[in-house]
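Each position in the sequence shown, counted from 1, maps to that position plus 1 in the working numbering.
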Amino acid sequence: MTKLATIEYTNRRQALLQSLPQGAVVVIQCAPVHIRNGDVEQDYRQDSSFYYLSGMVEQQTTLVLTNGVDGPCSSIFCRSKDKLQEIWHGRRLGVDAAPRALMMNQAYASESVAEKLIELLDGASQVVYGFSREDTGDLVKRSLSKLRGLTRQGKTCPSQLVDLDPLVDAMRLFKSSAEVEQMAMACDISVAAHKRAMSVCKVGMNEYQLAAELHHQFSIQGSQRVAYGSIVAGGENACILHYTNNDQVLQDGDLVLIDAGCELDHYASDITRTFPVNGRFSESQKTIYELVLAARQAALACIKPGAVFTDMQDAAVKVITQGLIDIGLLTGALDKNIEDQTFRKFYMHNIGHWLGMDVHDVGIYKIGGESRPLIAGMVTTVEPGIYIDPDDANIPSQWRGIGVRIEDNILVTEDGYRNLTAYLPVTVADIETLMAG
Ligand code: GLY
Ligand code: MN
Ligand code: MN
């Protein structure tokens, strides 16, 4: 059982409508179809916020929620049953089955949305739709303009346009217990895939072969797709933060950095581990690795309700900067290095990001210009790293080209945190043991 219960979507719609004034109308559309070439479409993946509110995976679908005097009402506009289309392109839920299957009040054919929306907007106080969606903006504005033309027939037009995105983003930031379990399942699959990669890794394999091992494990455990393009970066490729070529041979004596996570029923996981291609860390690799590991521990130790997001980054920066001073890659006092941000040459990204239906999930990081406090139910990644320029002649050769990142998926809980990816080996000893086995 991987799918959330239908009632979960109903509750979300209700919660959204309850946060809006009476007379509000919410319009949200499915993801558009993108053409790859000719009549071939890109793989279709539902829009996360649309799925969050509807549980509907199909194309050509619109959800309209109204908060009228008669109470909340959900209307879904979806594709009609069509034998020929279904023979070619797959089954459709259909208009008749949709209300029961999706726990909606009513369903209409996709083609009727423009016409019906005029009716649903009549007498409304405000229209709420995602300002990031030009197609929905066009649909809403066309309907409003038609409705305005019907004033003499007693129709009234809402005067307020409200952005839906921040409202749904704020809801998606806090995970229900069902969502947490869904994400934990996605993490379990990714953990198994990373373990598999560690187990089969051998000198002379290609990065794409290791990627294939990961993707195989994702698929056989029921994941529908990757949550983002997998990074399998041998040697100095690990110093390219968004390396996705994955086409080089893994060399004896190098590390390999794998940043890969599966998606399970529209929930992402996002894990990084770095391990030696030949199964044994060199002294230099171990030094850098354990520094990143200590930064991870320092960041994790901050996580509890009330801590602010930047506490994690500050803690990691302190450990990384001191460690780089200790091994001579930075010089001078810790405070001065932190003030001058000298660590950015080696650690140039942030400590993490919200995780949920999307890998870089929705939700703001600052409130009133200040880093936002952590609250139970949020999920964040923690992903410190050190990347040493392979081409910098001023750096002793023993360090050059080493790239290490360690990334875990962390749920904030009432009394601290739960590491959803804790079962994946992370210490030097545990990684070496797994690879030797
Ligand atoms: N895999 C993307 C990230 O770690 O942010
Ligand atoms: Mn990440
Ligand atoms: Mn990642």
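A virtual CB, placed ideally from N, CA and C, is assigned to each residue, including glycine. For clarity, every value in this text was computed on a predicted model and none was experimentally measured.
Span of the alpha helix (DSSP H) holding residue i?
i: ALA437; result: 429 to 437
i: PHE310; result: 310 to 327
i: VAL293; result: 284 to 302
i: ASN338; result: 335 to 341
i: ILE403; result: Note, ILE403: premise wrong, no alpha helix (DSSP H); not H, not E.
i: ILE88; result: 84 to 90
First and last residue of the beta strand (DSSP E) that includes residue i?
i: GLN107; result: 107 to 110
i: TYR418; result: 417 to 420
i: GLN161; result: 161 to 164
i: LEU412; result: 409 to 414
i: ILE272; result: 272 to 277
i: SER76; result: 72 to 79
Quick check on residue i: buried or exposed, where buried means 16 or more other Cβ atoms within 10 Å of its Cβ?
i: MET2; result: Here the model assigns MET2 a pLDDT of 44, short of 50, so the residue's position is not dependable, and the following value carries that caveat. By the 10 Å Cβ count, MET2 comes out exposed.
i: SER231; result: buried
i: MET349; result: exposed
i: ALA108; result: buried
i: THR137; result: buried
i: THR152; result: exposed
i: GLN30; result: buried
i: PHE132; result: exposed
i: SER146; result: exposed
i: GLU112; result: exposed
i: ALA394; result: exposed
i: PRO159; result: buried
i: HIS447; result: A question about residue 447 goes unanswered here, because the residues of the chain that appear run from 2 up to 438.
i: LEU21; result: buried
i: ARG406; result: buried
i: GLY91; result: exposed
i: GLN314; result: buried
i: LYS142; result: exposed
i: TRP355; result: buried
i: ILE400; result: The residue you asked about is not Ile; residue 400 is Trp in the sequence shown. So TRP400 ends up on the buried side.
i: PRO33; result: exposed
i: GLU284; result: exposed
i: LYS176; result: buried
i: THR332; result: exposed
i: ALA430; result: exposed
i: ARG13; result: buried
i: ASP341; result: exposed
i: GLY56; result: buried
i: ALA214; result: Before going on, a small fix: residue 214 reads as Glu here, not Ala. GLU214 should be labelled buried.
Are residue i and residue j touching if we call contact CB-CB under 8 angstroms?
i: LEU165; j: VAL129; result: yes
i: PRO391; j: GLU237; result: yes
i: LEU122; j: VAL26; result: yes
i: GLU384; j: THR273; result: yes
i: GLY235; j: GLN218; result: no
i: TYR418; j: ILE304; result: yes
i: CYS74; j: THR63; result: no
i: TYR290; j: PHE347; result: no
i: CYS240; j: GLY402; result: yes
i: ALA334; j: ALA316; result: no
i: LEU118; j: SER81; result: no
i: ILE339; j: THR322; result: yes
i: TYR45; j: GLN60; result: yes
i: GLY262; j: ALA228; result: yes
i: SER224; j: VAL309; result: no
i: VAL257; j: VAL293; result: no
Under the assumption that residue i contacts residue j (Cβ atoms under 8 angstroms), give the Cβ distance between them as a whole number of angstroms.
i: ASN410; j: THR382; result: 6 angstroms
i: MET104; j: ILE221; result: The Cβ separation is near 32 angstroms, so there is no contact.
i: VAL413; j: ILE376; result: 6 angstroms
i: TYR268; j: ALA179; result: That pair is no contact at about 10 angstroms.
i: SER270; j: MET199; result: The Cβ separation is near 17 angstroms, so there is no contact.
i: MET439; j: TYR53; result: Here the chain covers residues 2 to 438 and nothing more, so residue 439 does not appear.
i: LEU162; j: LYS156; result: The Cβ separation is near 18 angstroms, so there is no contact.
i: MET106; j: SER76; result: The identity of residue 106 in the sequence shown is Asn, whereas the question assumes Met. ASN106 to SER76, Cβ: 7 angstroms. Contact.
i: GLU209; j: ASP260; result: Per the sequence presented here, residue 209 reads as Tyr, with Glu not at that position. The pair is not a contact, with the Cβ atoms about 15 angstroms apart (cut-off 8 angstroms).
i: MET172; j: LEU5; result: Contact flag wrong, Cβ pair sits at about 14 angstroms.
i: GLN47; j: HIS35; result: Not quite, the Cβ-Cβ distance comes to about 13 angstroms (not below 8 angstroms), so this is no contact.
i: ASP170; j: VAL363; result: 4 angstroms
Between residue i and ligand 5, is there a pair consisting of the residue's CB and a ligand heavy atom that are separated by less than 7 angstroms?
i: ASP260; result: Absence of ligand 5 is noted for the structure shown, with ligand 1, ligand 2 and ligand 3 being the only ligands found.
Please list the segments of the alpha helix (DSSP H) lying wholly inside the segment 7 to 69, counting only runs of 4 or more residues, in order along the chain.
Complete alpha helix (DSSP H) runs here, min 4: 7 to 19, 49 to 55.
At 3 residues or longer, what runs of the beta strand (DSSP E) sit wholly inside the segment 220 to 264?
Counting only runs of 3 or more, we get 232 to 235, 256 to 261.
Hey, which unbroken runs of the alpha helix (DSSP H) at 4 residues or more fall wholly within the segment 97 to 183?
The qualifying runs are 99 to 103, 114 to 122, 135 to 149, 166 to 174.
Length at least 3, wholly inside the segment 346 to 411: the beta strand (DSSP E) runs in chain order
As far as the segment 346 to 411 is concerned, its whole beta strand (DSSP E) runs of at least 3 residues are 380 to 383, 386 to 388, 404 to 406.
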